[in-house]
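Accompanying notes for the structure given below.
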Amino acid sequence: MTYREIHNEELEQVTDVVGRAFRFDGAAFAQRMREGQHRYDARNARVWAEAGQVVAALFTYQRDLTVSGAMLPAGLVGLVSVPPEQRRRGYAHRLMSALLQEFYAAGLPISLLYPYDIDFYRRLGYGIVNEAWYLELPLDQLSDFDEMRRVVRLDSDDLPKMEALFEQERSQRNGWLSRRKAEWIGRLLPDPADGGAWPRQREMVGLPDGDGGLSGYLIYTLAPVENPPARGGATPRELHVYEWVSATDEAWRALAGFVAAQRAQADFLRYTAPVDFPLPYAVRNRTTYRDLRQSEFCFRDMFSWTAGLMGRLIDWPTALRKRGWPTQLTGQTVLQMDDPLFPANNVPLAVRWAAGRATVQPSDDPATARADVSTWSELYAGTLSPRVARLLGRLDADEPTIALLDQAFACDPWFLPSADWF
Numbered sequence: 017m018t019y020r021e022i023h024n025e026e027l028e029q030v031t032d033v034v035g036r037a038f039r040f041d042g043a044a045f046a047q048r049m050r051e052g053q054h055r056y057d058a059r060n061a062r063v064w065a066e067a068g069q070v071v072a073a074l075f076t077y078q079r080d081l082t083v084s085g086a087m088l089p090a091g092l093v094g095l096v097s098v099p100p101e102q103r104r105r106g107y108a109h110r111l112m113s114a115l116l117q118e119f120y121a122a123g124l125p126i127s128l129l130y131p132y133d134i135d136f137y138r139r140l141g142y143g144i145v146n147e148a149w150y151l152e153l154p155l156d157q158l159s160d161f162d163e164m165r166r167v168v169r170l171d172s173d174d175l176p177k178m179e180a181l182f183e184q185e186r187s188q189r190n191g192w193l194s195r196r197k198a199e200w201i202g203r204l205l206p207d208p209a210d211g212g213a214w215p216r217q218r219e220m221v222g223l224p225d226g227d228g229g230l231s232g233y234l235i236y237t238l239a240p241v242e243n244p245p246a247r248g249g250a251t252p253r254e255l256h257v258y259e260w261v262s263a264t265d266e267a268w269r270a271l272a273g274f275v276a277a278q279r280a281q282a283d284f285l286r287y288t289a290p291v292d293f294p295l296p297y298a299v300r301n302r303t304t305y306r307d308l309r310q311s312e313f314c315f316r317d318m319f320s321w322t323a324g325l326m327g328r329l330i331d332w333p334t335a336l337r338k339r340g341w342p343t344q345l346t347g348q349t350v351l352q353m354d355d356p357l358f359p360a361n362n363v364p365l366a367v368r369w370a371a372g373r374a375t376v377q378p379s380d381d382p383a384t385a386r387a388d389v390s391t392w393s394e395l396y397a398g399t400l401s402p403r404v405a406r407l408l409g410r411l412d413a414d415e416p417t418i419a420l421l422d423q424a425f426a427c428d429p430w431f432l433p434s435a436d437w438f
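Start counting the sequence shown at 17; every next residue gets the next number (this note's numbering).
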């Protein structure tokens with residue numbers, strides 16, 4: 017039984033495993049990597065082997081993650097794969113456990129992944145760290161904004177301006193990841209010759225900032241719906257938002273006004289958005305496009321609230337030290353984590369907050385707050401509040417400690433734009 021990296025000549029063997037697990041063409045996937053058309057290559061692969069045979073595989077890489085104004089290196093995990101004939105033998109668990117040990121040895125504070133089974137990854141210590149609103153809003157019900165008259169069309173020559181705005185905003189947006197060419201070109205703006213031809217070719221618009229840059233941009237497609245509701249008649253068209261970045265209120269209104277102005281071209285907007293995204297408040301009649309029924313009494317469905325990304329704290333003291341904290345927060349307490357994979361994380365930690373930072377030291381004092389690693393991971397991201405965690409029986413803490421932790425872990429919700437999904 018072996019956990020290891022792979023040799024370059026083994027790539028096709030690994031992508032065959034991944035392709036059979038996820039039901040796609042593994043050979044074509046390998047070809048894309050060899051041509052430099054994917055964020056992964058052979059160096060990103062990890063496998064679990066039995067008697068020389070690859071029985072499980074995954075791909076991993078690192079990006080910087082924004083957490084309350086600080087940038088933390090994060091270990092990202094994708095395509096965790098066990099082929100059909102090797103399942104129910106514990107290979108995925110062993111593969112993931114070995115990868116987490118690799119992350120710990122590298123000093124990474126946190127790992128992120130998109131789960132195929134939330135409960136499976138909870139058993140490995142992961143928790144939900146990202147929620148999103150799935151919007152399907154009728155364009156004929158969106159409010160108009162005069163600022164849309166300043167919107168201009170963008171093309172590939174404007175990419176440096178878009179990158180500059182993204183980097184500016186990334187420092188303030190929890191959950192955003194650093195980007196490389198693989199995200200900008202391979203995921204966000206694919207070549208039309210590579211499956212992005214009209215009508216699904218990406219379009220771009222933006223708002224100039226007056227200094228040669230941009231204060232906002234939108235990347236979208238206008239195309240027929242691929243899975244229309246069963247109503248008969250003409251196939252509806254959607255405006256599918258891939259990325260919406262705005263640095264000012266004016267820029268947000270300009271982009272929202274541009275979307276509303278497309279009502280003659282599309283029936284509705286589709287966008288997986290941050291949970292604090294304001295667009296639902298700009299809808300005149302609050303309905304979704306697909307489901308016009310009342311949910312109960314006079315209440316109408318507006319959107320779906322979805323859970324996506326999972327995260328796991330790896331180096332617990334480093335994760336506490338490196339992130340940003342509320343600048344007005346002052347206080348101290350002793351925290352304890354129950355982490356069966358990393359015994360060093362089980363040591364009680366004296367944490368003192370001041371001036372937006374945390375000092376962290378091992379403590380001989382008894383913990384005033386104790387939870388398992390999955391719970392602390394969700395608290396860390398703000399998807400679970402300390403008070404609710406105690407209500408659910410997942411956090412052991414007294415009332416003064418809960419009041420302090422409610423202040424400490426309050427933060428803007430984490431969100432990953434679709435180009436960074438992995």
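Cβ coordinates follow ideal geometry from the N, Cα and C atoms, glycine included.
Which residue marks the beginning of the alpha helix (DSSP H) containing residue i, and which one marks its end?
i      : result
Leu408 : Run containing Leu408: none; DSSP gives neither H nor E here.
Ser113 : 107-121
Ser390 : 389-397
Met49  : 42-50
Val30  : 27-38
Arg368 : Looking at the DSSP string, Arg368 is not in any alpha helix (DSSP H); the run it does join, the beta strand (DSSP E), is 365-370.
Trp268 : 265-276
Glu415 : 415-425
Tyr130 : No alpha helix (DSSP H) holds Tyr130; DSSP gives it neither H nor E.
Here's a check: name, in chain order, each residue in its chain whose Cβ is nearer than 8 Å to the Cβ of residue i, leaving out the five neighbours to either side.
i      : result
Leu155 : Leu255, Val275, Ala276, Gln278, Arg279, Ala282, Asp283, Phe284, Leu285
Glu259 : Leu204, Tyr233, Leu234, Ile235, Pro433, Ser434, Ala435
Pro290 : Ala148, Trp149, Pro429, Phe431
Phe38  : Leu95, Ser97
Arg139 : His109
Trp367 : The question names Trp, but residue 367 is Val in the sequence shown. Hits under 8 Å: Leu336, Gln348, Thr349, Val350, Leu351, Ala374, Thr375, Val376.
Distance check for residue j and residue i, CA to CA, integer angstroms please.
i      : j      : result
Arg306 : Glu152 : 7 Å
Val98  : Met220 : 39 Å
Thr264 : Asp388 : 40 Å
Thr417 : Pro359 : 24 Å
Val363 : Glu199 : 38 Å
Leu421 : Tyr56  : 38 Å
Arg62  : Leu395 : 29 Å
Ala246 : Pro252 : 11 Å
Ala298 : Ser311 : 20 Å
Glu415 : Asp133 : 34 Å
Asp41  : Leu238 : 28 Å
Pro131 : Glu118 : 20 Å
Val385 : Tyr120 : The sequence given here has Ala at residue 385, not Val. Taking the straight line from one Cα to the other gives about 24 Å.
Val376 : Ala370 : 12 Å
Asn301 : Val257 : 21 Å
Ala439 : Arg50  : Residue 439 is absent from the model: the chain starts at 17 and stops at 438.
Leu365 : Arg337 : 11 Å
Gly226 : Lys197 : 27 Å
Phe454 : Arg59  : What the structure shows of the chain is the stretch from 17 to 438, and residue 454 is not part of that stretch, so it cannot be assessed.
Glu28  : Leu111 : 19 Å
Gln413 : Leu357 : According to the sequence displayed, residue 413 carries Ala and not Gln. If you take the alpha carbons of Ala413 and Leu357, they lie about 23 Å apart.
Gln188 : Gly372 : 14 Å
Glu183 : Cys314 : 43 Å
Does the separation of the CB atoms of residue i and residue j fall below 7 Å?
i      : j      : result
Thr322 : Asn190 : no
Ala374 : Val350 : no
Val261 : Leu204 : no
Ala426 : Pro125 : no
Pro89  : Gln78  : yes
Phe161 : Gly273 : yes
Gly222 : Leu170 : yes
Thr18  : Ala65  : yes
Ser84  : Arg403 : no
Met318 : Pro294 : no
Output needed for residue i: all residues of its chain with C-beta closer than 6 Å, excluding positions within five of it in sequence on either side, in chain order.
i      : result
Arg328 : Ser127, Gly141, Tyr142, Ser393
Asn361 : Trp332, Met353, Asp355
Trp430 : Val145, Asn146, Asn190, Gly191, Ala397
Glu266 : Glu163
Tyr137 : Pro131, Met326
Arg36  : Pro99
Near residue i, what residues of its chain come up, given a Cβ to Cβ distance below 7 Å and the 5 sequence neighbours on each side ignored?
i      : result
Gly123 : Asp331, Thr334
Val33  : Val70, Ala73, Ser97, Pro99
Glu423 : According to the sequence shown, residue 423 is Gln rather than Glu. Pro342, Leu345, listed in sequence order.
Ala405 : Ala387, Thr391, Leu395, Leu411
Gly159 : In the sequence as presented, Gly is not what sits at residue 159; that position holds Ser. So the list reads Ala276, Ala298, Arg300, once near-sequence residues are dropped.
From which residue to which residue does the beta strand (DSSP E) around residue i run?
i      : result
Gly85  : Counting along the chain, Gly85 falls outside any beta strand (DSSP E), and DSSP gives it neither H nor E.
Pro290 : 284-290
Pro382 : Premise fails: Pro382 is in no beta strand (DSSP E) and is neither H nor E.
Glu66  : 61-66
Tyr297 : Unbroken run through Tyr297: none, as it is neither H nor E.
Arg373 : 373-378
Val257 : 253-262
Counting contacts by CB-CB distance shorter than 7 Å, is residue i in contact with chain C?
i      : result
Trp200 : Note that chain C does not occur in the displayed structure, where there is just one protein chain.
Item to complete: Could I get the ranges of all uninterrupted beta strand (DSSP E) runs contained in the region 299-331, with 3 residues as the minimum, in chain order?
Response: 310-312, 319-323, 326-329
Item to complete: Identify every run of the beta strand (DSSP E) within the region 152-236, keeping only runs that are complete inside it and at least 3 residues long; order them along the chain.
Response: 219-224
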